[in-house]
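Asker: FYI, the numbering for the sequence shown is 443 to 699, going by this note's numbering.
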Amino acid sequence: MEGMLLESGGGVSSLLCDPTHKGVVLNTIQDHASESHDTPNEAALQKESHIAFTVCHGVTQDVGKEGPGSYVLSLAYALTLQFSFSEVSRSLNSKVWKDTRQFRIHFILLFSRQGKLRLQKWYATLPDKEKKKIIREIVQIILARNQKMSSFVDWKDLKLVYKRYASLYFCCAIEDRDNELLALEVVHRYVELLDRYFGNVCELDIIFNFEKAYFILDEFILGGEIQETSKKSAVKAIEDSDMLQETMEEYMNKPAF
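(1) Leaving out five residues before and five after L635 in sequence, what residues of the same chain have Cβ atoms less than 7 Å from its Cβ?
(2) For G557, count neighbouring C-beta atoms within 10 Å of its own C-beta (all shown protein chains included) and say buried if the count is 16 or more, exposed if not.
(3) For the beta strand (DSSP E) that D596 lies in, which residues bound it at each end?
(4) As a quick exercise: from A586, A679, H548, E691, pick the residue whose alpha carbon is nearest that of K601.
(5) Let me check understanding here. Comparing Cα to Cα, which of R578, Y611, M694, V643 lies closest to L626?
(6) Is the beta carbon of F553 sitting closer than 8 Å to the one on V581?
(7) In chain order, what residues of the same chain lie with their CB nearer than 7 Å to the CB of S609, ignoring the 5 residues before and after it?
(8) Which term fits A615, buried or exposed, when burial requires 16 or more other beta carbons within 10 angstroms of its beta carbon?
(9) May I have the straight-line CA-CA distance separating K654 from I550, to the nearest angstrom?
(10) Give me the Cα-Cα distance between Y604 and M694, rounded to the nearest whole angstrom.
(11) For I648, count neighbouring Cβ atoms within 10 angstroms of its own Cβ and tell me buried if that reaches 16, exposed if not.
(12) Applying the 10 Å Cβ sphere with the 16-neighbour rule, what's the burial state of G641?
(13) DSSP three-state call for V603: helix, strand or coil?
(14) If I follow the unbroken alpha helix (DSSP H) through K590, where does it start and stop?
(15) Look at the Cβ atom of V628, then the Cβ atom of Y607, and state whether they are nearer than 8 Å.
(16) Taking DSSP as the reference, what is the three-state secondary structure of K563?
(17) Would you mind stating whether L568 and F652 have Cβ atoms separated by less than 8 Å?
(18) Could you check the C-alpha separation between E617 and M685 for me, to the nearest Å?
(19) For K575 and W564, which I take to be in contact (beta-carbon distance under 8 Å), what is that distance rounded to the nearest angstrom?
(20) Could you check the C-alpha separation between L585 and L559 for me, to the nearest Å?
(21) Need the endpoints of the alpha helix (DSSP H) that Y656 sits in, please.
(22) Consult DSSP for F549 and reduce its assignment to one of helix, strand or coil.
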């Protein structure tokens with residue numbers, strides 16, 4: 443039925459009935475109804491639904507001049523749009539609305555009690571000079587805090603979340619509105635992954651096998667967003683890579699004759 447309607451339309455009506463265009467309109471209105479990333483209420487969303495329907499229905503008055511088929515096509519799009527909003531409203535009532543904004547990490551730092559940097563991973567593009575300045579400032583801030591203080595620090599427009607494990611500090615920077623406890627769990631999960639791979643990881647493991655520490659981090663976090671939450675899957679990927687590397691080294695060391 444939808445395919446027949448698409449074939450019968452043309453011009454502006456075809457654009458209106460493009461699923462991609464419809465999705466953009468839906469996302470725009472949903473984002474407008476959920477400003478500031480708050481859970482939108484049903485009344486606000488229903489209002490947006492009526493506005494969308496009215497606008498689309500008004501467009502059909504002009505599109506209808508192209509012929510009866512175009513008018514029916516555009517009206518069908520308007521009804522579909524309103525139906526989509528009613529589906530979202532039902533989702534709100536059943537409490538299945540989810541905030542699609544991703545939890546994002548800006549950078550991760552590992553440093554010792556003496557202020558020696560052991561690992562750094564940046565998910566934001568910054569010049570090297572600026573990175574060094576940030577590292578120096580953050581290390582000074584965290585090392586100056588005592589154990590009774592909170593693990594969360596407001597820093598510029600970001601929030602620092604850190605935790606000390608033995609002689610190492612693990613620190614990450616997140617958006618000011620993001621969940622600090624989730625960031626703390628991310629730090630702890632990374633430590634668990636290191637423990638699982640190295641076996642009771644220590645600072646020396648990070649120093650002499652820093653490439654493995656980076657590889658583990660890349661399996662866990664990609665582009666500042668959590669990629670793999672399963673410890674088993676992440677460690678297996680690393681072990682498979684180690685096995686492949688060993689196989690390649692054995693092959694390269696074999697004599698050519």
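Every residue gets a Cβ at the ideal spot worked out from N, C-alpha and C, and that includes glycine.
Answerer: With the structure as the only source:
(1) In the sequence shown, the residue the question calls residue 635 occupies position 193. Closer than 7 Å at the Cβ level, and outside the excluded window around L635, lie I658, F662, K673, A676, V677.
(2) Reading the sequence shown from its first residue, position 115 is the one you call residue 557. Label assigned to G557: exposed.
(3) As a position in the sequence shown, residue 596 is number 154, starting the count at 1. It spans 594-597 - the beta strand (DSSP E) in which D596 sits, taken as one unbroken run.
(4) Counting from one through the sequence shown, the residue named residue 601 turns up at place 159. Minimum Cα distance to K601 is reached at H548.
(5) Looking up residue 626 in the sequence shown gives position 184. With distances taken between Cα atoms, L626 lies closest to Y611.
(6) Numbered from 1 along the sequence shown, position 111 holds the residue referred to as residue 553. Numbered from 1 along the sequence shown, position 139 holds the residue referred to as residue 581. For F553 and V581, yes; Cβs fall inside 8 Å.
(7) Position 167 of the sequence shown, counted from the first residue, corresponds to residue 609. Only S554, R555, E645 meet the Cβ criterion.
(8) By one-based count along the sequence shown, residue 615 stands at place 173. That one is buried.
(9) Locating residue 654 in the sequence shown gives position 212, where the first residue counts as 1. Locating residue 550 in the sequence shown gives position 108, where the first residue counts as 1. Taking the straight line joining both Cα atoms gives about 16 Å.
(10) In the sequence shown, residue 604 corresponds to position 162, counting from 1. In the sequence shown, residue 694 corresponds to position 252, counting from 1. Taking the straight line joining both Cα atoms gives about 43 Å.
(11) Translated into the one-based positions of the sequence shown, residue 648 becomes position 206. I648 comes out buried.
(12) Reading the sequence shown from its first residue, position 199 is the one you call residue 641. It is exposed - the Cβ of G641 has fewer than 16 other Cβ atoms within 10 Å.
(13) Reading the sequence shown from its first residue, position 161 is the one you call residue 603. Looking at V603 - three-state DSSP - the assignment turns out to be strand.
(14) For this step, residue 590 is matched to residue 148 along the sequence shown. Segment: none, K590 is in no alpha helix (DSSP H) and carries neither H nor E.
(15) The residue labelled residue 628 in the question sits at position 186 within the sequence shown. The residue labelled residue 607 in the question sits at position 165 within the sequence shown. No; because the gap between Cβ atoms is not below 8 Å, this pair is not in contact.
(16) If you number the sequence shown from 1, residue 563 lands on position 121. Residue state, collapsed to three classes: strand.
(17) Stepping through the sequence shown from its first residue, residue 568 is reached at position 126. Stepping through the sequence shown from its first residue, residue 652 is reached at position 210. For L568 and F652, no; Cβs fall outside 8 Å.
(18) Residue numbering aside, residue 617 sits at position 175 when the sequence shown is read from its first letter. Residue numbering aside, residue 685 sits at position 243 when the sequence shown is read from its first letter. Going by the C-alpha atoms only, they are around 38 Å apart.
(19) Translated into the one-based positions of the sequence shown, residue 575 becomes position 133. Translated into the one-based positions of the sequence shown, residue 564 becomes position 122. K575 to W564, Cβ: 13 Å. No contact.
(20) Within the sequence shown, residue 585 is the residue found at index 143, counting from 1. Within the sequence shown, residue 559 is the residue found at index 117, counting from 1. In a straight line, the C-alpha of L585 is about 13 Å away from that of L559.
(21) In the sequence shown, the residue the question calls residue 656 occupies position 214. Segment 652-662, the alpha helix (DSSP H) holding Y656.
(22) Locating residue 549 in the sequence shown gives position 107, counting from the first residue. It is a strand residue.
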